Structure formats: structure tokens, C-alpha cells
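**Q**
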DNA sequence: CTAACTTTGCAATAGCATTGCATCACAATT
DNA sequence: AATTGTGATGCAATGCTATTGCAAAGTTAG
Ligand SMILES: [Mn+2]
Ligand SMILES: [Mn+2]
Ligand SMILES: [Zn+2]
Ligand SMILES: [Zn+2]
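Protein chains in written order, with the numbering used here: chain D, 658 to 796; chain S, 658 to 796.
1. Could you compute how far the alpha carbon of residue 733 of chain D sits from the alpha carbon of residue 684 of chain D?
2. Please list, in chain order, all residues with a C-beta atom less than 5 Å from at least one heavy atom of ligand 3.
3. Are residue 751 of chain S and residue 771 of chain S closer than 8 Å when you measure CB to CB?
4. For the pair the stretch 786 to 795 of chain S and the stretch 769 to 789 of chain D, tell me if three or more CB-CB distances fall below 8 Å.
5. By the 10 Å Cβ neighbour count, where 16 or more other Cβ atoms means buried, how is residue 719 of chain S classified, buried or exposed?
6. Give me the Cα-Cα distance between residue 702 of chain D and residue 667 of chain D, rounded to the nearest whole angstrom.
7. Can you name the start and end residues of the beta strand (DSSP E) that residue 675 of chain S belongs to?
8. In terms of DSSP beta bridges, what is residue 712 of chain D paired with?
9. Any heavy atom of ligand 2 closer than 7 Å to the CB of residue 675 of chain D?
10. Just verifying my parser: in three-state terms, what is the DSSP assignment at residue 706 of chain D?
11. When you check each C-beta in the stretch 699 to 721 of chain D against every C-beta of chain S, which residues fall closer than 7 Å?
12. Can you pull the chain S residues whose beta carbon is under 9 Å from the beta carbon of residue 790 of chain D, in chain order?
13. So, residue 826 of chain S versus residue 769 of chain D, is the Cβ gap smaller than 8 Å?
14. Under the three-state reduction of DSSP, which class applies to residue 775 of chain S: helix, strand or coil?
15. I want to see whether chain S comes within less than 8 Å of residue 787 of chain D, judged by CB atoms only; does it?
16. Tell me, which residues are paired with residue 760 of chain S by DSSP?
17. Could you compute how far the alpha carbon of residue 754 of chain S sits from the alpha carbon of residue 693 of chain S?
18. For residue 678 of chain S, I'd like the list of residues in its chain whose CB is within less than 8 Å of its CB, leaving aside the five on either flank, ordered along the chain.
19. I'd like to check one pair, residue 749 of chain D with residue 766 of chain D: are the Cβ atoms closer than 8 Å?
The following block contains the structure:
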């Protein structure tokens, strides 16, 4: 149902254009975080910059979040929490597989509370764990 | 004492060239992590690429570690733990100040143990906290 | 001194992120 | 229905950082 997708955009105050419907549809099919390149290759022929700005818009509106996994290439994934245009609260851990080079959201693995030194105030946290993912692990 | 610095290089199996002595000296004067640009500006006139490779060498030998703080620019800082050419164990937290834009090592703030989902195996961890640093915090 | 190896400097390239601007699509207004 | 304003899109250009190739200079061992 494209209605679903359209509704999801509207609920985040994003105008549901054709391009945006396609991008969101594509994002919903992923089970790993993807790069702008991945998006470009995965979609039909479309302008890279428009895709870039679509992702930016989605992020601003709290529909996707970006992940800096240490590869130098920003990855994007749908938000699972109730993010909005004012706050992202992605306190889940991200995982980068050294073997298959995929980046995962681990929505059920939360970043624990950290007690910082005196007078440091935390506003955001980003924890990336690198290793071998479930699919690449034998056994 | 330049002898000190020289010894520190030798103990990590790094040949103490003039350039490397200067770079290490500079690094030891910092109390935040610095970028290649910072290094270039902070040093006398010197070749950017040589500085880049010097940092790479230092990192390979376990003298410095790099930090991806999410700004897109890699930062470097001296290792405090007993890293060697085979293993970095920087399980401390890094902090990026949204106000002064500096990146800090918090050597006394360790990354807690995280229990990952079934079959995910951890090899490295990187936790960056963003917020306001002690120097930028009133009170 | 010579030969082998390492470090340095300069030039070039590769990648990704980001911006400017003109055009297009759409929806509200008259 | 024509007008007009706003946002979305497409294309070109740029900026910035990381990275590599190669030749010159420096260092060390025999
Ligand atoms: Mn995520
Ligand atoms: Mn550190
Ligand atoms: Zn994997
Ligand atoms: Zn600060």
C-alpha cells in the first residue's frame, strides 16, 4: 500500500512527492543502514543531489537518522523511536561488520548511562561497535 | 628535554627523525585532540603530507589514536594506555563540545560493557558524546 | 664509499559533502 | 482560468579531507 507510505510522510510533516515516496519505500525495504551511494544505485535512475536532499529533509523531520560508522561514508536508516523535527533520540547502538562492511542499527541495544567528569554536560551520544555481525559469524 | 621525547619514540619502535620529534613535542602540548589542519597550522612551515604520514606512523606504532568525532574531520591524540603496534585499547570515551568545537579524550571515563544481540562479536568500540565541555559550562 | 632502505616533499587523484542557481510542480488566490 | 508564491528538483560547480605515486634527500649497514 502506497497509502501507508504516504501517511508516514504526512505524519512527519513531509510533503509526499513522488520521489519521496520512492525513497521511503526503498528505505523501508532495507535491513541495514545505507549510504547515499547505495540509495542511488538501489533506486531507478534519479538525481544524486535530489536524493541527498531528500535524506536531509527526512532527517530534519525526524524520519531517518544518520550514522557515522567510522568508514567516512555517512549511512542512513529509518528512525524507530518517536523522533520529531526537534529531537532525535537514537540512543541505540550501531554496529559495523568488519567482514561484510554493513552497518546495522541495534534498536534493542541501548547506550547505557555514562557518568561524565565534573561540569561536562551531555547532549547526544553515539556508540559504534565494530566486529563481526550475526550473519557473518559461524556457528 | 628532547631526550624524553626521543625516548618515547624509540620505545614505540619509531625512528626519531627531526620531524617526528617536532610533531610529538607538539602533540604533547595539546590538551585536546587535534586535526591534521591544526597540526599543520600549529607547527612551523612543513609539508602537510609528511605530517599526515607522521600521524599514520604514530598510529600504527601505538603512539597516537585517531578519533572520529562526527564532524567529518579525523582528530588525533596521544595514547594514554599501553598501546602497541598490535593493539589499541582506547576504551575511553571521547567528547565533542558543541560550543567550542573541541574534541576531548576522557581517559578516566571508560566505555561500559555492552551485551550485544546473539552472534554479534565485538572487536572495537567507539563512543562519542556531544555536549558542552567543562570550560564552556557556566558555574 | 656503496648499496639498501626509509623518510620527506611535491603533484595528482579520489570521494564525499555541500552550495548556487535556474527550472519545474503545485497549490492558493484573485 | 490566469496569476503568483512556495517548495522541489536537476544540473553544474565547488570545497574539503583523505590517500596514493613518484622522485629526491637522508640514513644505516656492510
Ligand atoms: Mn540507528
Ligand atoms: Mn582518546
Ligand atoms: Zn557481516
Ligand atoms: Zn567547550
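Virtual Cβ for every residue (Gly too), placed ideally from N, Cα, C. It should be emphasised that the depicted structure is a prediction, and the values quoted were computed from it without experimental measurement.
**A** A quick look at the data gives this:
1. As a first step, residue 733 of chain D is located in the first chain; it is residue number 76 there, counting from the start. As a first step, residue 684 of chain D is located in the first chain; it is residue number 27 there, counting from the start. Answer to the nearest angstrom: the Cα atoms are 9 Å apart.
2. D/754, D/756, D/757, D/790 and D/793
3. On the second chain, position 94 is the one that residue 751 of chain S refers to. On the second chain, position 114 is the one that residue 771 of chain S refers to. No.
4. yes
5. Start at 1 with the first residue of the second chain, and residue 719 of chain S comes out as number 62. By the 10 Å Cβ count, residue 719 of chain S comes out buried.
6. What you label residue 702 of chain D is simply residue 45 of the first chain in a count that begins at 1. What you label residue 667 of chain D is simply residue 10 of the first chain in a count that begins at 1. Taking the straight line from one Cα to the other gives about 25 Å.
7. One-based indexing of the second chain puts residue 675 of chain S at position 18. Element bounds for residue 675 of chain S: not the beta strand (DSSP E) but the alpha helix (DSSP H), 675 to 686.
8. As a working mapping, residue 712 of chain D is identified with position 55 in the first chain. DSSP lists no partner for residue 712 of chain D.
9. As a position in the first chain, residue 675 of chain D is number 18, starting the count at 1. No, the beta carbon of residue 675 of chain D sits no closer than 7 Å to any heavy atom of ligand 2.
10. Your numbering for residue 706 of chain D matches position 49 in the first chain. Residue 706 of chain D falls in the helix class under three-state DSSP.
11. none
12. The residue labelled residue 790 of chain D in the question sits at position 133 within the first chain. Those are 776, 777 and 778, listed as they occur along chain S.
13. This structure leaves residue 826 of chain S out entirely; chain S is present only between 658 and 796.
14. As a working mapping, residue 775 of chain S is identified with position 118 in the second chain. Reduced to three states, the DSSP call for residue 775 of chain S is coil.
15. Here the question's residue 787 of chain D lines up with position 130 in the first chain. Residue contact with chain S for residue 787 of chain D: present (Cβ-Cβ distance below 8 Å to some residue of chain S).
16. Counting from one through the second chain, the residue named residue 760 of chain S turns up at place 103. DSSP output for residue 760 of chain S lists S/690 and S/753 as bridge partner(s).
17. Start at 1 with the first residue of the second chain, and residue 754 of chain S comes out as number 97. Start at 1 with the first residue of the second chain, and residue 693 of chain S comes out as number 36. So the alpha carbons of these two residues sit roughly 19 Å apart.
18. Counted from its first residue, the second chain places residue 678 of chain S at position 21. Hits under 8 Å: 659, 662, 663 and 666.
19. Translated into the one-based positions of the first chain, residue 766 of chain D becomes position 109. Translated into the one-based positions of the first chain, residue 749 of chain D becomes position 92. It is a contact, given that the beta carbons lie within the stated cut-off.
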